[in-house]
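In this note's numbering, the protein residues as written are 168 to 449. C-beta: ideal position from N, C-alpha, C; glycine also. Working notes for the structure below.
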Ligand code: PAF
């Protein structure tokens, strides 16, 4: 496995591989890898000739200084995991390498960036779009793999690719969960034992919402679900939304023919957890 810290070395190496006809699958990450990331690498390995992963804790997508400072960083462990998973190239730049100058680019993703995470994390999606565009420019992947856990991020990245005419296929991959249902996330390791025990209540509530969707009006279900989570003093719901899977706009009524998603964000102790599931039954 080759590890590069500089943009020009990475681009030169990847271009030489592309010139030899290699198809590149790309898995962008912020490190502190878990099985969710490894599932993306596995899928990229199955569908491409070469897998490139990036490890970069992108400072400009954090709207909370403490979240950035406390974000887990374990580059050596990550490298070992990537090697075992069959990754071929790791791009591991410094912040100076990625952003030698002040970032001024401002994207407009319309309502996609204003709802849910956008409302609670101002500037977050702009920071994600800037780094993903830059990574795509450096890596020139044929396919790029993202987890559905960050459902809104996926929608923003698809919009970015369309807006900038980037020749890459965005592949969305299912959320990987712990055995008790908690969606895997690098931030989960900041939960203490008690908080970790409580955390699966998010997924449990999402599934219960799905069961109730035909029985009660949406506002009533959301208010019930908010109460279910907020009954725990350590937990506080930021939002629970039932949205159109394409536009991410809130739905007033559910129609099984319209792809729909339940999205949730809640604070638990020092961590902000997000999760989502599809509402449509096949
Ligand atoms: O999902 C993430 O880990 C990050 O938002 C990403 C896509 C690597 C951009 O920094």
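Residues 401, 435 and 436 of the same chain have their beta carbon placed closer than 7 Å to that of residue 362, with the five preceding and five following residues left out of the count. A straight-line Cα-Cα distance of about 19 Å links residue 319 and residue 234. Residue 386 has its alpha-carbon roughly 44 Å from the corresponding atom of residue 215. By DSSP's assignment, residue 406 forms a beta bridge with 432. Within the segment 226-292, the complete alpha helix (DSSP H) segments of 4 residues or longer fall at 232-237, 242-252, 262-265 and 284-287, listed in chain order.
CA-to-CA, the gap between residue 360 and residue 309 works out to about 41 Å. Here the alpha carbons of residue 433 and residue 391 stand approximately 15 Å from one another. Take the alpha-carbon of residue 170 and the one of residue 305: they are about 14 Å apart. Excluding the 5 residues flanking it on each side, residue 321 has same chain C-beta neighbours closer than 6 Å at 313 and 339, in chain order. Boundaries for residue 195: no alpha helix (DSSP H) harbours it, while the beta strand (DSSP E) harbouring it runs 191-196, taken from the DSSP string. Residue nearest to residue 335 within the set 343, 342, 326 and 341 is 326 (criterion: CA-CA distance). With a threshold of 16 other beta carbon atoms within 10 Å, residue 225 meets it and is buried. When distances are taken from the beta-carbon of residue 228 to the heavy atoms of the ligand PAF, the shortest one is below 7 Å.
Straight across, the Cα-Cα distance linking residue 383 with residue 236 is about 43 Å. The ligand PAF has a heavy atom closer than 7 Å to the beta-carbon of residue 320. For residue 377, same chain residues with a beta-carbon under 6 Å away, outside a window of 5 residues either side, are 446 in chain order. In the DSSP assignment, residue 314 falls within the beta strand (DSSP E) that extends over 310-314. At a cut-off of 7 Å, the beta-carbon of residue 336 does not count as near the ligand PAF: no heavy atom of the ligand is closer than that. In this structure, residue 299 has its CB closer than 7 Å to one or more heavy atoms of the ligand PAF.
Cβ atoms of residue 212 and residue 253 come within 8 Å of each other, at about 5 Å. Using a Cβ-Cβ distance cut-off of 8 Å, the segment 413-422 and the segment 278-292 are in contact, since at least three pairs of beta carbons, one from each stretch, lie closer than that value.
Between the C-alpha atoms of residue 438 and residue 347 there is a straight-line separation of about 18 Å.
Going by beta carbons, residue 223 and residue 265 fall inside the 8 Å limit. Residue side-chain check: residue 289 keeps its Cβ at 7 Å or more from all non-hydrogen atoms of the ligand PAF. Around the CB of residue 183, fewer than 16 other CB atoms lie within 10 Å, so the residue is classed as exposed.
Of the residues assessed, residue 399 falls on the exposed side of the cut-off, its CB having fewer than 16 other CB atoms within 10 angstroms. Annotation note: the segment 299-353 contains the following uninterrupted beta strand (DSSP E) runs of length 3 or greater, listed N- to C-terminal: 310-314 and 336-340. Under the three-state reduction of DSSP output, residue 220 falls in the strand class.
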